[in-house]
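Here is the structure we will look at, set down as structure tokens.
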Amino acid sequence: MGDEVVLEKLEEISVKQNKKTDELKTNVDKLETKYNEQVEANAELKEQNDDLAARVKDLEQKGALPQGGAVETKSLGQQFADSPEFKKAMESKVSGIVEIKAPTGNVGTTDAQTYSQRIAGVIPLPQEAPTVYAALPKSRATSNSIDYVKEETFVSNVDEVAEKGALPLSTTEYVTVNTPVVNAGHHIKITEQMLQDNVAVASLIDTRMGQKVLQKINNLVVMGSGTMKV
């Protein structure tokens, strides 16, 4: 009787174990199917991205000229060879005068060539690079004054000595210096038109205005101002 109970229990455990194994296999199959579907989707997405990149590159190559009907302006020689007067002279073998005009304005447009081309931005004057300031270590100030230790004097007594002889003593003195933190800056006037061009204003501040501040600080570091320390 006891052996039969044990066998029933073992059979029950075996059935449950087989059921769990089947469920695990089913889950693994589902995961494998999803993985294969994801791989296929990724491959399809990559193909679409490659196709889109090729189209963008093609558009960039074709769109090298700005939109708005831009056309290539013929050279003087092309205008002469394509002129009706020249073709007529070639057919009739009769000399004549062919008048051609060079473009004078915004070359490459279909509009009348009667206005000058405006180049964006401002061409600045030559600027001196703050080489000394750029080479110095810098840190952010956390107060309106800075204390630091400065070497005041250094007396060097370096000399030759005999074997096992006493070395001469060099002396140095240090002092604590307090210097205030000062501001360096400037401002300029700009036109109403520039106020509407935020890119130009940002470029002016980042380059021209900031460069002049760095030049001033660089000159103070090199020569000093006589009234304050930087």
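The working numbering numbers the first residue of the sequence shown as 650 and each following residue consecutively. We treat Cβ as the ideally placed atom computed from N, Cα and C, and that holds for glycine.
Straight-line gap, K816 to M872 (C-alpha atoms, nearest Å): Rather than Lys, the amino acid found at residue 816 in this sequence is Leu. Taking the straight line joining both Cα atoms gives about 38 Å.
Through-space distance from Y823 to K799, alpha-carbon basis: C-alpha separation (whole angstroms): 6 Å.
Assumed close pair F803, T821 - CB separation to whole angstroms, cut-off 8 Å: About 5 Å separates the beta carbons of F803 and T821, which is inside the 8 Å limit, making them a contact pair.
Where N623 falls, given that 16 or more other Cβ within 10 Å makes a residue buried: Nothing can be reported for residue 623: it is not among the residues displayed for the chain, which extend from 650 to 879.
Counted within 10 angstroms of its Cβ, other Cβ atoms place N867 as buried (16 or more) or exposed: Buried is the call here.
Per DSSP, the bridge partner or partners of N827: When DSSP reads this structure, N827 sits in a beta bridge with D796.
Close-in-space but distant-in-sequence residues of the same chain around E661 (CB under 6 Å, 5 per side omitted): Around E661: no qualifying Cβ.
Proximal residues to A761 (C-beta, below 6 Å), its chain only, five neighbours per side dropped: Caution applies to A761, whose pLDDT of 48 falls short of 50 and renders its modelled position unreliable; the value that the coordinates give is listed next. Its chain contains no residue whose beta carbon lies nearer than 6 Å to that of A761 once the 5 sequence neighbours on both sides are disregarded.
Cβ pair P773, Q864 closer than 8 Å: No, the pair does not count as a contact, with Cβ atoms beyond the cut-off.
Residue from V862, T675, N698 whose Cα sits closest to the Cα of Q776: For Q776, the nearest C-alpha among the options comes from V862.
Test item: CB-CB of V850 and I839 under 8 Å: Cβ distance < 8 Å, so V850 and I839 count as in contact.
Rounded C-alpha distance that separates Y797 from H835: As the crow flies, the alpha-carbon of Y797 is around 28 Å from that of H835.
Cut-off 7 Å between Cβ atoms - residues of its own chain near G726, not counting five sequence neighbours on either side: Nothing listed; no residue qualifies.
Nearest-angstrom beta carbon gap, P829 and N793 [assumed within contact, 8 Å]: About 7 Å separates the beta carbons of N793 and P829, which is inside the 8 Å limit, making them a contact pair.
Beta carbon of V870 nearer than 8 Å to that of V781: It is a contact, given that the beta carbons lie within the stated cut-off.
As assigned by DSSP and simplified to three states, the class of E801: Note: E801 maps to strand in three-state DSSP.
Beta-carbon contacts of I795 that lie in its chain and below 7 Å, excluding the five residues immediately before and after: Taken in chain order, the residues that qualify are T828, V830.
The alpha helix (DSSP H) enclosing M858, as first and last residue numbers: Following the DSSP letters along the chain, one finds M858 in no alpha helix (DSSP H), marked with neither H nor E.
Delimiting residues of the alpha helix (DSSP H) encompassing G834: Bounds of any alpha helix (DSSP H) do not take in G834, whose DSSP letter is neither H nor E.
For V826, the nearest candidate out of E801, K706, A833, F735 (CA to CA): Of the candidates E801, K706, A833, F735, the one whose C-alpha sits nearest the C-alpha of V826 is E801.
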